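Letter by letter, the sequence shown follows residues 2 to 307 of this note's numbering. Even for Gly, the Cβ is constructed at its ideal location relative to N, Cα and C. All of these numbers come straight from a predicted model, not from anything done at the bench. To keep things clear, I will list the structure first and then write my remarks on it.
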Amino acid sequence: MRQIPLKLVLIIRFVLQVVGAVGLVGYLSYRSGQNAVKNLAHQVMNQANDRIRDRLDLVLQEQQKALAFNIQSIEQGILKINKPETIRQHLWQQINSSLFLVNSFIANDQGEEVYYLRFFSPEVIKQAEKLTGETLQPGMIALGTVTLSHPNQRVYSLVDRQGRARKTIYTMPVDPRTTPWYLSAKNKTQPSWSPIFPYRAIPTLGISMGISVYNTEKKQRFILANSVALADLGTFLKQLYFSPSGQAFILEPSGNLVAISTLKLPFIRQPLKPPTRLAATQSQDLVTQAIAFDSNCSVKMRSLPR
């Protein structure tokens, strides 16, 4: 039998050791890379989740603070809610005090209404431009009124620097007493959140916080409310740049979409009918569907306060 040279044996043994070491290092590097990517992904998700949580808290708390201030102003006799012009001036000062106030309403049980709305999201602006034929800019504020001289007719106007109507841009039949935000707060003696509801003028969804109060003579009821357009939340989510292919969305506990960073509508539009809400599993976006169907993914949901 031919003997294998000792030199060759040592070389082979050394090569096997090197190959084994390289293989082990490669495997460990691969595993380390996987863990690093996973950890980075979790960090990004946690950061996005925290920013969404903080923004939601801020937006919703602003509605609560504004409503509490209005209630206090009425109780102290500062806000004379029997006078529409006084209401208008008060709401104008208020909506200018915070960029997070988008819709501020005060209406009474006779059908009068004064409210200001701020155009923010591209979707709302696009729909409003279709209705009015006007060129609208983000942040622009409009005035909506229903008066006793023109009952059940809501008049939308662009405003001057004092918030007074300067140009009528749209008129539509609306009895404020039949609107979702009014009905939701009609019998509430404490500030309460409404269910998500469709807006009348623009086919989009919103949520409001409202309360029912009486004037000083206790003879006339007024509804005070502030609402948030869900499209505005979607615009904020889109600004959270965390991944070219990633998504962020907000779900209700029911699984229905509230807002999504792709700006795709979380509902289905239907001619002459209110929008139909969509569950995340019904989304036309395949990524949204995949996340919703994946029962093992750690999606952190935050429900809007009731």
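What does residue 127 pair with, by DSSP beta-bridge criteria?
In DSSP, residue 127 forms no bridge with anything.
Distance between beta carbons of residue 259 and residue 251, contact taken as under 8 Å
4 Å
Could you pull the DSSP bridge partners for residue 274 from this structure?
271
Could you tell me whether the segment 158-178 touches the segment 47-54, where touching means 3 or more Cβ pairs closer than 8 Å?
no
Bridge partners for residue 282 per DSSP, in chain order?
Answer by DSSP bridge pairing: none, since residue 282 is not bridged.
Report, in whole angstroms, the separation of the C-beta atoms of residue 1 and residue 211, which I expect to be a contact under 8 Å.
Outside the shown range of the chain (2 to 307) lies residue 1, about which nothing can therefore be said.
Skipping 5 residues on each side, what residues in its chain have a beta carbon closer than 7 Å to that of residue 233?
103, 121 and 122
Which runs of the alpha helix (DSSP H) spanning at least 4 residues fall entirely within the segment 69-155, listed in chain order?
85-96 and 123-133
To the nearest angstrom, how far is the alpha carbon of residue 222 from that of residue 113?
11 Å
Enumerate in chain order the residues of its own chain whose CB-to-CB distance from residue 59 is below 7 Å, with the five nearest sequence positions on each side excluded.
101
By DSSP, does residue 199 sit in helix, in strand, or in coil?
strand
Just the C-alpha distance for residue 130 and residue 116, rounded to the nearest angstrom, thanks.
19 Å
How big is the Cα-Cα spacing for residue 175 and residue 204?
15 Å
What would DSSP say about residue 227, mapped onto helix, strand or coil?
strand
One question on the structure: do residue 182 and residue 106 come within less than 8 Å of each other, judged by their Cβ atoms?
yes
Contacting residues, own chain, Cβ-Cβ under 7 Å from residue 263 (five flanking each side not counted):
248 and 286
With the cut-off set at 8 Å, would you say residue 227 and residue 67 are in Cβ contact?
yes
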